[in-house]
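Number of protein chains: 2
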Amino acid sequence: MQTPQSKLGRMMETDTMEERRAVVLLSGGLDSSTVLAIAKSQGFSVFALSFDYGQSHKAELRAASRIAGNLGVRRHITLKIDLGTFGGSALLGNGAIPKHRSAGEIGEGIPITYVPARNTVFLSLALAWAESLHATNIFIGVNALDYSGYPDCRPEFIHAFEEMANLGTKIGAEGATIQIQTPLISMTKAEIIRTGLELGVDYSATVTCYDASDDGLACGSCDACLLRLKGFAENSIPDPVEYRKA
Amino acid sequence: MQTPQSKLGRMMETDTMEERRAVVLLSGGLDSSTVLAIAKSQGFSVFALSFDYGQSHKAELRAASRIAGNLGVRRHITLKIDLGTFGGSALLGNGAIPKHRSAGEIGEGIPITYVPARNTVFLSLALAWAESLHATNIFIGVNALDYSGYPDCRPEFIHAFEEMANLGTKIGAEGATIQIQTPLISMTKAEIIRTGLELGVDYSATVTCYDASDDGLACGSCDACLLRLKGFAENSIPDPVEYRKA
Numbered sequence: 000m001q002t003p004q005s006k007l008g009r010m011m012e013t014d015t016m017e018e019r020r021a022v023v024l025l026s027g028g029l030d031s032s033t034v035l036a037i038a039k040s041q042g043f044s045v046f047a048l049s050f051d052y053g054q055s056h057k058a059e060l061r062a063a064s065r066i067a068g069n070l071g072v073r074r075h076i077t078l079k080i081d082l083g084t085f086g087g088s089a090l091l092g093n094g095a096i097p098k099h100r101s102a103g104e105i106g107e108g109i110p111i112t113y114v115p116a117r118n119t120v121f122l123s124l125a126l127a128w129a130e131s132l133h134a135t136n137i138f139i140g141v142n143a144l145d146y147s148g149y150p151d152c153r154p155e156f157i158h159a160f161e162e163m164a165n166l167g168t169k170i171g172a173e174g175a176t177i178q179i180q181t182p183l184i185s186m187t188k189a190e191i192i193r194t195g196l197e198l199g200v201d202y203s204a205t206v207t208c209y210d211a212s213d214d215g216l217a218c219g220s221c222d223a224c225l226l227r228l229k230g231f232a233e234n235s236i237p238d239p240v241e242y243r244k245a
Numbered sequence: 000m001q002t003p004q005s006k007l008g009r010m011m012e013t014d015t016m017e018e019r020r021a022v023v024l025l026s027g028g029l030d031s032s033t034v035l036a037i038a039k040s041q042g043f044s045v046f047a048l049s050f051d052y053g054q055s056h057k058a059e060l061r062a063a064s065r066i067a068g069n070l071g072v073r074r075h076i077t078l079k080i081d082l083g084t085f086g087g088s089a090l091l092g093n094g095a096i097p098k099h100r101s102a103g104e105i106g107e108g109i110p111i112t113y114v115p116a117r118n119t120v121f122l123s124l125a126l127a128w129a130e131s132l133h134a135t136n137i138f139i140g141v142n143a144l145d146y147s148g149y150p151d152c153r154p155e156f157i158h159a160f161e162e163m164a165n166l167g168t169k170i171g172a173e174g175a176t177i178q179i180q181t182p183l184i185s186m187t188k189a190e191i192i193r194t195g196l197e198l199g200v201d202y203s204a205t206v207t208c209y210d211a212s213d214d215g216l217a218c219g220s221c222d223a224c225l226l227r228l229k230g231f232a233e234n235s236i237p238d239p240v241e242y243r244k245a
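Chains as they are written, first to last, in numbering that gives the first Met the number 0: chain A, 0 to 245; chain B, 0 to 245.
Following this line, the structure appears as structure tokens:
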């Protein structure tokens, strides 16, 4: 077994030998922006991937570009892919986004904001890009505490994806090990915010709201806003983004 | 254990109770067209999914529409998704398509026509649609014999994808079992053609060539053409598609 010290030494040695590349899924929200900062802090050269997938809140995509610029990435791609064609989610305009739900309600069942197989689709496309880049690390901001209702945020799903990715790719078949990195998976929202602030994330640039207005103002009452506000409150700091007047 | 007879009885009973839906990945080539016919013959109501993913041979997409029309599907979607943004494959215009290779050469290593994580991406999007449709069956025309060089055509990859799909979706989490159906996986090209002809597939409507001209004429010398021609020859019937003059 290695000590953290020798592990770090080995990592830095590799670093000087070649660039360590990672693909980071970046929605422009609080979680994925923190993940990007974490990947950078671990020495990765970051290739950020966002999706214009038919989500009703386009302000997210502008936020993703701001964050990619602020934190410094090697390249940022926004891929257009019309998941709305398939239907089946409130986030794609099929149904109203729930508001003012209690913590207990948020944690219960699979919400109607779930987009069918979204993380599977996003990770698959990240995998395609990673393979082209010869990158073996893919970062995603899934969290098993706050979003326990989403099946594709669970650790067992991530492990199964990783196994599949290593079998279904050329780099995997040739002996490299693809790793899906989920640094937030067991952190509370308050811990995520604390980590991001330490790493210099400017949370005023992020958009978390499921129902943001075109100019990026948050509603303050959807599940995503409520969890975010709770996280800032637990750190006793104000959320720097603007909320719409009720 | 049930006899085939009683199994069939049970299936027909279910059939009369509700429509059995399947998503079929349809490229417009010989294999996926045969798979569509097989899914229909098993009583599925077919939702066909094609991709405009930046492939150089657009004739394939016109073929997919012809086949979907000929064989009769509930719906056919062609989703645009620019995999060319990621680079890394001869099929996406990054490198010349190999020609006139021998059977031994075709079977060896991972060819440069491999598109990074393509089947993972295609199956993920099929999964997203299947989930919206409450369909638990997804058909894909992978074949482990002729294309042994592609890691994402191997049975172990398909099994891993299936496991991941059942963990990462709402329908999976709620107890349904998603199945990735690969009826061609251990068939030779000659057997695939024989099966399709029995089921009424009009192979003159398909485009197999990696390097088809804009008007759909096949080159006759890429790996895909050579395997197809061999399959027809082994059945002692002429291939009904037109080949370009050398």
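Glycine included, every Cβ here is placed at the ideal spot set by N, Cα and C.
Computed from a predicted model, the values in this text were never measured in an experiment.
Please list, in chain order, all residues of the same chain as residue i whose beta carbon is under 7 Å from its beta carbon, the five residues on each side excluded.
| i | result |
| --- | --- |
| Ser185(B) | Ala143 and Leu144 |
| Arg227(A) | Leu29, Lys188, Thr207 and Asp238 |
| Ala38(A) | Ala21, Val23, Val45 and Phe138 |
| Phe156(B) | Pro150 |
| Arg153(B) | Ala143 |
| Lys229(A) | Lys188 |
| Leu60(A) | Gly27, Ser49, Asp51 and Thr77 |
| Lys79(A) | Asp51 |
List, in chain order, every chain B residue whose beta-carbon is nearer than 9 Å to that of residue i.
| i | result |
| --- | --- |
| Ser64(A) | What Ser64(A) touches in chain B: nothing, since even the nearest Cβ is about 16 Å away. |
How would you list, in chain order, the residues of chain A whose beta-carbon sits under 7 Å from the beta-carbon of residue i?
| i | result |
| --- | --- |
| Leu126(B) | Ala116 and Thr119 |
| Asp268(B) | Nothing can be reported for residue 268(B), as the shown portion of chain B is limited to 0 through 245. |
| Ala211(B) | Those do not exist, as Ala211(B) stays about 23 Å from chain A at its closest Cβ, beyond 7 Å. |
List, in chain order, every chain B residue whose beta-carbon is nearer than 8 Å to that of residue i.
| i | result |
| --- | --- |
| Thr168(A) | Pro115, Ala116, Thr119, Pro150 and Asp151 |
| Gly86(A) | Ser131 |
Using the beta-carbon count (16 or more within 10 Å), is residue i buried or exposed?
| i | result |
| --- | --- |
| His133(A) | exposed |
| Thr205(A) | buried |
| Lys188(A) | buried |
| Val141(A) | buried |
| Val240(A) | buried |
| Glu17(B) | exposed |
| Ala95(A) | exposed |
| Ala36(A) | buried |
| Ala232(B) | exposed |
| Gly71(A) | exposed |
| Ile192(A) | buried |
| Gly27(A) | buried |
| Ala211(B) | buried |
| Ser123(A) | buried |
Could you work out which residues of chain A lie near residue i, taking near to mean beta carbons separated by less than 8 Å?
| i | result |
| --- | --- |
| Phe160(B) | Met163 and Gly167 |
| Gly256(B) | Residue 256(B) lies beyond the range of chain B shown here (0 to 245); nothing can be said about it. |
Please compile the residues from chain A whose C-beta is within a distance smaller than 9 Å of the C-beta of residue i.
| i | result |
| --- | --- |
| Ile80(B) | Leu78, Lys79, Ile80, Asp81 and Leu124 |
Name, please, each residue of chain B whose Cβ falls closer than 7 Å to the Cβ of residue i.
| i | result |
| --- | --- |
| Ile155(A) | This sequence places Glu at residue 155(A); Ile is not what is there. Leu166, listed in chain order. |
Taking the alpha carbon of residue i as the reference point, which residue from the options has its own alpha carbon closest?
| i | options | result |
| --- | --- | --- |
| Asn69(B) | Gln178(B), Val200(B), His99(B) and Thr194(B) | Val200(B) |
| Leu196(A) | Lys79(A), Pro115(A), Asp30(A) and Thr181(A) | Asp30(A) |
| Thr168(B) | Leu225(B), Ala127(B), Ser44(B) and Val34(B) | Ala127(B) |
| Ala125(B) | Val34(A), Val120(A) and Ser40(A) | Val120(A) |
| Ser32(B) | Gly219(B), Cys152(B) and Ser203(B) | Ser203(B) |
| Ala116(A) | Phe85(B), Ala129(B), Arg117(B) and Ala116(B) | Ala129(B) |
| Arg100(A) | Asp222(A), Arg193(A), Gly230(A) and Ala62(A) | Asp222(A) |
| Met163(A) | Val34(B), Ala62(B) and Phe160(B) | Phe160(B) |
| Arg65(B) | Leu78(B), Lys79(B) and Ser49(B) | Ser49(B) |
| Ser131(B) | Phe85(A), Thr77(A), Asn234(A) and Asp210(A) | Phe85(A) |
| Thr194(A) | Asn234(A), Leu78(A), Asn165(A) and Tyr209(A) | Asn234(A) |
| Glu25(B) | Phe43(B), Ala63(B) and Gln41(B) | According to the sequence as given, residue 25(B) is Leu; it is not Glu. Ranking Phe43(B), Ala63(B) and Gln41(B) by Cα distance to Leu25(B) puts Ala63(B) first. |
| Pro97(B) | Gln41(B), Tyr209(B) and Arg73(B) | Tyr209(B) |
Excluding five sequence neighbours on each side, which residues of the same chain lie with their C-beta closer than 6 Å to the C-beta of residue i?
| i | result |
| --- | --- |
| His75(B) | Ala47 and Ala67 |
| Asn136(A) | Ala21, Gln178 and Gln180 |
| Asp81(A) | Gly53 |
| Phe43(B) | Arg19 and Ala21 |
| Asn118(A) | Asp151 |
Step through the CB atoms of chain D and report whether any lies within less than 8 Å of the CB of residue i.
| i | result |
| --- | --- |
| Phe50(A) | Given the protein chain composition of this structure (A and B), no chain D is represented. |
Can you find the residues in the same chain that come closer than 8 Å, C-beta to C-beta, to residue i, ignoring five residues on each side of it along the sequence?
| i | result |
| --- | --- |
| Tyr242(B) | Leu216, Ala217, Cys218, Gly219 and Cys224 |
| Thr13(B) | Here the model assigns Thr13(B) a pLDDT of 37, short of 50, so the residue's position is not dependable, and the following value carries that caveat. Here the set comprises Arg19. |
| Leu166(A) | Ala172 |
With hydrogens ignored, establish whether the beta-carbon of residue i is closer than 7 Å to any heavy atom of the ligand ADP.
| i | result |
| --- | --- |
| Ala189(B) | With respect to the ligand ADP, the structure shown offers nothing to examine, as it has no ligands at all. |
Check whether the region 166-181 of chain A and the region 56-73 of chain A are in contact - that is, three or more C-beta pairs closer than 8 Å.
The answer is no - the region 56-73 of chain A does not touch the region 166-181 of chain A, with fewer than three Cβ pairs under 8 Å.
Are three or more beta carbon pairs between the region 152-172 of chain A and the region 207-225 of chain A nearer than 8 Å?
no
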